[in-house]
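Asks:
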Amino acid sequence: MIPHFQRRKKKISNASEHISSTSFTDAVMLLAENIWTVGLEISRSIAFEVLIQQKLEMVIQESA
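Sequential numbering of the sequence shown, starting at 7, is according to this note's numbering.
(1) Put Ala38 into one of helix, strand or coil per three-state DSSP.
(2) Roughly how many angstroms separate the alpha carbons of Ala70 and Ile58, rounded to a whole number?
(3) Would you report the Cα separation of Ser39 and Glu47, rounded to the nearest angstrom?
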């Protein structure tokens with residue numbers, strides 16, 4: 007039996023499993039754009055929640 011650390015990794019020779027550097031770069035760019043968009047939406051949501059909290063605090067103070 008061959009110890010685990012001495013086993014050779016099986017090479018992928020199937021052309022359909024090959025990823026070109028262009029498609030990989032495109033995927034990374036799309037992912038980066040999506041992450042940026044999600045970050046922007048989270049920032050807007052947090053800002054909106056802060057605004058609601060501030061207005062609620064003002065209403066509570068005015069009614070006290």
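We put the CB at the ideal spot given by N, CA and C, even for glycine.
Replies: According to the data block:
(1) helix
(2) 18 Å
(3) At residue 39 the sequence reads Glu, which differs from the Ser that was named. Going from the Cα of Glu39 to the Cα of Glu47 covers about 12 Å.
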